[in-house]
Amino acid sequence: MQRFYFDLYNTEHSQEDTEGQLFANRERAGMEALRILHDVARDEMPGGSHLTITVKVLDEKRDQIFEASLTLDSAWT
C-alpha cells in the first residue's frame, strides 16, 4: 500500500491534506480524487453561481501525480 495526499482548492480557499490515505496504486488514488471532487461539488454548489474545484493528488514524497478540476456555472434566465 502507498500513501497518497489529496489537496483541495476551490474558488475561495485551499485545504492541504496532512494525513493522506493508503491505496494499492495510483489509479485507485485517482478514482478517490474524482469521488472527492463529486462530493465537494454537491456540498458547495447550492452556495454560489460560479465554483471551480480542483483536487491534486500527491505521492508519498508530496510530488503531484494527478489533478482533476470541475467548474460549475449556474444562472437564472
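Residue 50 in this note's numbering is what sits at position 22 of the sequence shown, and the numbering runs on without skipping anything. For each residue, glycine too, the CB sits at the ideal point set by N, CA and C. The model shown is predicted, which means the values in this text are computed figures rather than measured ones.
Excluding the 5 residues flanking residue i on each side, which residues of the same chain have their C-beta closer than 7 Å to its C-beta?
i	result
Gly-48	Arg-31, Phe-32, Tyr-33
Leu-65	Ile-81, Val-83, Ala-96, Leu-98
On the criterion of 16 or more Cβ atoms from any shown chain inside 10 Å, does residue i qualify as buried, or is it exposed?
i	result
Ala-103	exposed
Leu-86	buried
Ala-52	exposed
Hey, quick one: how far does the alpha helix (DSSP H) through residue i stretch, first residue to last?
i	result
His-66	54-72
Counting along the chain, where does the beta strand (DSSP E) carrying residue i start and finish?
i	result
Ser-102	It is not in any beta strand (DSSP E) - Ser-102 carries neither H nor E in the DSSP assignment.
Specify the secondary structure class of residue i as computed by DSSP and reduced to three states.
i	result
His-78	strand
Arg-31	strand
Glu-95	strand
Please go through the same chain and pick out, in chain order, the residues whose beta-carbon is closer than 6 Å to the beta-carbon of residue i, but skip the five residues on each side of it.
i	result
Asn-38	Ile-81
His-78	Asp-101
Assuming contact is defined by CB atoms lying nearer than 8 Å, are residue i and residue j in contact in what I supplied?
i	j	result
Gln-43	Leu-36	yes
Ala-57	Phe-94	yes
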